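Residue numbers (my numbering): 504 to 656. Below: the structure, in structure tokens.
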């Protein structure tokens, strides 16, 4: 572990986590109440200073006015290992930005790493041994009617 200037590291541009305002405020309070936590669980960065683990902590530290931050540099790992770390480090916390996950991440790897991923209609039918039965087709069509055409939710 080492301490680096906070402005020498950067948020991950493809961080698939969403920041929940209430949880973020709790995190800031937790840092104020127990700053030693930062030494026990430092931010993990790659060799280029991109955050792999701790984007929310980083944002909280910036807002709290910290000038230095404890980090662990993940050296000599592949891009795939970085991505695997990002997912596994965050499985139980926060919400996911499904658009980023869908566009920037491999769904098979995500599932292998323990994240429950979505299936589109083609994937669903491809995963079945036989042609889908009529009841299943009706369920899929009914579900599609309940999806907003603008936002996809």
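Using N, Cα and C, we set each Cβ at its ideal position, and we do this for glycine too. Here the structure is a predicted model, which is why all the values come from computation and not from measurement.
- Would residue 607 pass as a contact of residue 573 if the rule is Cβ separation under 7 angstroms? Between residue 607 and residue 573, the C-beta gap is not smaller than 7 angstroms, which leaves the two residues out of contact.
- Query: Name the DSSP bridge partner or partners of residue 574?
  - Reply: 505, 546, per the DSSP bridge assignment.
- Message: Using a Cβ-Cβ cutoff of less than 7 angstroms, which residues in the same chain neighbour residue 553 once the five nearest sequence positions on both sides are dropped?
- Response: Close CB contacts of residue 553 within its chain, under the 7 angstroms cut and outside five residues either way in sequence, are with 513, 515 (chain order).
- Query: Rounded to the nearest angstrom, how far is the Cβ of residue 583 from that of residue 616, given a contact under 8 angstroms?
  - Reply: That pair is no contact at about 11 angstroms.
- Item | Three-state secondary structure (DSSP) of residue 479 | Because residue 479 is not part of the residues shown, which for the chain are 504 to 656, the question remains open.
- Query: If you drop the 5 nearest sequence neighbours on each side, which residues of the same chain put their C-beta closer than 6 angstroms to that of residue 614?
  - Reply: Here residue 614 has 620 as same chain residues with Cβ atoms under 6 angstroms from its own Cβ, once five neighbours each way along the sequence are excluded.
- Query: So what does residue 521 bridge to, in DSSP terms?
  - Reply: Residue 521 has 598 as its beta-bridge partners, per DSSP.
- Could you check what DSSP says for residue 580 in three-state terms: helix, strand or coil? Three-state result, residue 580: coil.
- Going straight from the alpha carbon of residue 577 to that of residue 605, what length do you get? Going by the C-alpha atoms only, they are around 25 angstroms apart.
- Query: When the distance is taken between beta carbons, is residue 594 closer than 7 angstroms to residue 563?
  - Reply: Not closer than 7 angstroms, so no.
- DSSP three-state assignment for residue 555, whether helix, strand or coil: Correct three-state label for residue 555: strand.
- Give a yes or no on whether the C-beta atoms belonging to residue 559 and residue 522 are separated by under 7 angstroms. The Cβ atoms of residue 559 and residue 522 lie closer than 7 angstroms to each other.
- Query: Does DSSP put residue 593 in a helix, a strand or coil?
  - Reply: DSSP, read as helix, strand or coil, puts residue 593 in coil.
- Message: Counting C-beta neighbours from all protein chains within 10 Å, is the total for residue 510 16 or more, i.e. buried, or is it exposed?
- Response: Counting Cβ neighbours within 10 Å, residue 510 comes out exposed, since fewer than 16 surround it.
- Query: Along the chain, where does the alpha helix (DSSP H) that runs through residue 452 open and close?
  - Reply: This structure cannot speak to residue 452, because the chain is shown only from 504 to 656.
- Item | Residue closest to residue 528, alpha-carbon to alpha-carbon, out of 599, 592, 566, 551 | When each option's Cα is compared against that of residue 528, the closest is 566.
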